[in-house]
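Taking the working numbering, the leading residue of the sequence shown gets 1, the next gets one more, and so forth.
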Amino acid sequence: MAHAVTRQWPIGQEKDTFLGGENPFESMMARFDEAAHHLNLEPGLRKVLRHPEKQIIVAVPVLRDNGEVEVYTGYRVLYNTARGPAKGGIRFDMQVTLDEVKALAAWMTWKCAVVNLPFGGSKGGVICDPTTMSIGELERLTRRYTSGIIDTLGPDSDVPAPDVNTNERMMAWIMDTYSMHKRHTVTAVVTGKPIAMGGSLGRREATGRGCMLVTREALKQLKMPIAGTRVVVQGFGNVGSISAQLMEEEGMRILAVSDKEGAIYNAKGLDVKKVMAHVKKEKVLRTYTEAEHIPNADLFSIDCDVLVPAALENVITDFNAGSIRARIICEGANGPTSADADQILQDAGILVIPDILANAGGVTVSYFEWVQDRGGYFWDEETVNNRLEKIMVSSYQECAAMASRNNVSMRIAAYMVAIDRVAGVHRLRGMYA
Ligand code: NAD
1 MAHAVTRQWP
11 IGQEKDTFLG
21 GENPFESMMA
31 RFDEAAHHLN
41 LEPGLRKVLR
51 HPEKQIIVAV
61 PVLRDNGEVE
71 VYTGYRVLYN
81 TARGPAKGGI
91 RFDMQVTLDE
101 VKALAAWMTW
111 KCAVVNLPFG
121 GSKGGVICDP
131 TTMSIGELER
141 LTRRYTSGII
151 DTLGPDSDVP
161 APDVNTNERM
171 MAWIMDTYSM
181 HKRHTVTAVV
191 TGKPIAMGGS
201 LGRREATGRG
211 CMLVTREALK
221 QLKMPIAGTR
231 VVVQGFGNVG
241 SISAQLMEEE
251 GMRILAVSDK
261 EGAIYNAKGL
271 DVKKVMAHVK
281 KEKVLRTYTE
291 AEHIPNADLF
301 SIDCDVLVPA
311 ALENVITDFN
321 AGSIRARIIC
331 EGANGPTSAD
341 ADQILQDAGI
351 LVIPDILANA
361 GGVTVSYFEW
371 VQDRGGYFWD
381 EETVNNRLEK
391 IMVSSYQECA
401 AMASRNNVSM
411 RIAAYMVAID
421 RVAGVHRLRG
431 MYA
């Protein structure tokens, strides 16, 4: 069969597989258990929060351009909706598994709770290789998957967003499919849409802006000056490049940035805008001439103040954690640090701003998009950015206070803040029996 779904071609080099290797759901739950232990969470609630509320598996038949029918498997997991509608992205990838989707849905629950958004957490995925599919095939896949999970979708129940290999084009198709079924336009059913159809200003920059804001808070907490702070960034895509640009605007010095092919370095600081313009044109850092080129393997051992992993999961492990010379790590990527590395970094006195907090700027502005769609009134970019700043700064401070009260890392503190919020609402709501 020409398009068998079991083909294992090496796709998605930049794919954000979640925590790789081990069972992702169990990896997530190991951190949950540690935080729950510190919170002294009652056993009943612990059981409730260890189980996804709803797991949906759908067959997604698609007519391929060559006339053959292929049937893909799609998942949508609503992990927890105690605090509000579920919120979470949809990924198209050959490596999608139910366990991964469950883990990512749990993760979204904690991420939304740590920044106190009135959302629960969800995630979805379809096992497919979008790189081998035409635009028409992708549209049919997206629409059929949407119709398969349509009973759970809705502004008040479950609100998707883009994730690995999905983008605003697909969000537009989801919105259209849902709206056709409802017989009227429902923009708030999905976020990450094009601006022209209910997307939010500032969404594209939101994750990088959030990274800059929490890094600034961490520097203040450690009484380190912001001006001249030396920063190294892994990954120069959406999150990495915007983080670098905004940190530079704050007066920090970006010593090095990397992409999947290599890194560029300048001890005096790179001109980030120039590097961005270069990448926009040439796609790669390799051809940039105004900096020293160094191997990716050397990036993490550069003497700096702040390291921003903003590319992939599992890049800081027990293998390289000992060589990191930064004072602060801001996790722009999801899951960049392995559990083994956590301990090494903590012993070395490195402050890790954990992913569920550091990169929550994206989902925060997705929340703003949902609010604007529901209100039918759109904010200017300054309003979006100011409101994002307020949320990121106060969330950082809450996690820092939790860490110092309980003598735990910022990661465990962030989980504690999140789990405490979700558990608190469960207690208030009681159990429907
Ligand atoms: P992106 O595809 O725009 O950029 C990824 C960058 O990483 C590219 O520059 C790529 O060349 C680089 N890269 C890939 N492999 C690398 C390697 N081995 N070494 C160095 N660089 C490498 O992706 P993005 O949207 O910036 O997302 C990056 C990370 O941030 C992912 O983990 C993603 O899940 C997470 N994240 C993104 C958002 C968002 O709003 N975009 C929100 C939350 C979390």
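For glycine and all other residues, C-beta sits at the position ideal for the given N, C-alpha and C.
In this structure, does DSSP put residue i in helix, strand or coil?
| i | result |
| --- | --- |
| Tyr265 | strand |
| Arg421 | helix |
| Gln95 | coil |
| Lys102 | helix |
| Lys273 | helix |
| Pro85 | coil |
| Thr364 | helix |
| Ile445 | Because residue 445 is not part of the residues shown, which for the chain are 1 to 433, the question remains open. |
| Gly430 | coil |
| Asp158 | strand |
| Thr229 | coil |
| Tyr415 | helix |
| Tyr377 | coil |
| Thr287 | coil |
| Val214 | helix |
| Val239 | helix |
| Arg461 | Since the first and last residues shown for the chain are 1 and 433, residue 461 lies out of range. |
| Leu63 | strand |
| Arg183 | coil |
| Thr317 | coil |
| Ile90 | strand |
| Thr191 | coil |
| Thr337 | strand |
| Ala4 | Low confidence applies here, because Ala4 scores a pLDDT of 36, under 50, leaving its location unreliable; read the following figure in that light. Looking at Ala4 - three-state DSSP - the assignment turns out to be coil, as it is neither helix nor strand. |
Pick from the options: whose alpha carbon is nearest that of residue i?
| i | options | result |
| --- | --- | --- |
| Val58 | Tyr367, Gly125, Tyr432, Val275 | Gly125 |
| Val189 | Gln234, Ala206, Ile149, Asp303 | Ile149 |
| Tyr265 | Val279, Leu299, Ile242, Gln245 | Leu299 |
| Arg374 | Gly154, Lys223, Asp347, Arg76 | Gly154 |
| Asp156 | Ser134, Gly192, Leu78 | Leu78 |
| Glu382 | Met170, Gly202, Met171, Ser122 | Gly202 |
| Val62 | Lys47, Phe32, Glu137, Trp110 | Glu137 |
| Asp163 | Thr289, Ala418, Gly235, Val363 | Val363 |
| Ile391 | Ala206, Arg169, Asp129, Gly121 | Ala206 |
| Cys330 | Ser404, Gly235, Thr97 | Gly235 |
| Leu312 | Leu222, Thr109, Val417, Val233 | Val233 |
| Ala30 | Asp340, Arg209, Arg169 | Asp340 |
| Gly262 | Val284, Gly228, Ala161, Asn359 | Val284 |
| Gly88 | Met108, Thr97, Lys102 | Met108 |
| Arg169 | Met247, Asp99, Arg140 | Arg140 |
| Val60 | Ala418, Arg76, Arg50, Glu100 | Arg76 |
| Tyr415 | Val365, Ala433, Val384, Ile353 | Ile353 |
My understanding is that residue i touches residue j, with C-beta atoms under 8 Å, so please give their C-beta distance in whole angstroms.
| i | j | result |
| --- | --- | --- |
| Gly240 | Ala326 | Contact flag wrong, Cβ pair sits at about 15 Å. |
| Thr152 | Ile328 | The pair is not a contact, with the Cβ atoms about 39 Å apart (cut-off 8 Å). |
| Gly84 | Pro52 | Incorrect: roughly 16 Å between the Cβ atoms, too far for contact. |
| Leu213 | Val393 | 6 Å |
| Ser323 | Ser301 | 4 Å |
| Leu45 | His278 | Their Cβ separation, rounded to whole angstroms, is 51 Å, which puts Leu45 and His278 out of contact at 8 Å. |
| Thr191 | Glu369 | 4 Å |
| Tyr72 | Cys112 | About 28 Å separates the two Cβ atoms, so there is no contact after all. |
| Tyr396 | Leu351 | Wrong, their Cβ atoms sit about 11 Å apart, outside the cutoff. |
| Gly269 | Leu255 | 7 Å |
With a 10 Å radius around its C-beta and 16 neighbouring C-beta atoms as the bar for buried, classify residue i as buried or exposed.
| i | result |
| --- | --- |
| Met431 | exposed |
| Val308 | buried |
| Asn40 | exposed |
| Phe319 | exposed |
| Arg183 | exposed |
| Ser470 | Lying outside 1 to 433, the shown extent of the chain, residue 470 is not represented and no answer is given. |
| His37 | exposed |
| Asp342 | buried |
| Arg429 | exposed |
| Val275 | buried |
| Ser404 | exposed |
| Gly74 | buried |
| Ser134 | exposed |
| Ile195 | exposed |
| Val69 | exposed |
| Pro295 | exposed |
| Glu292 | exposed |
Can you confirm whether residue i, when its beta carbon is compared against all beta carbons of chain D, has any partner nearer than 8 Å?
| i | result |
| --- | --- |
| Gly269 | Within the model displayed, chain D is absent; a lone protein chain is all it includes. |
Can you name the residues that DSSP bridges to residue i?
| i | result |
| --- | --- |
| Asn80 | Gly121 |
| Asp259 | Gly262 |
| Leu351 | Ile328 |
| His293 | Ile264 |
| Gln234 | Ser258, Pro309 |
| Thr73 | Ala59, Ile127 |
| Ile174 | Ile174 pairs with nothing; no bridge assigned. |
| Arg253 | Arg230 |
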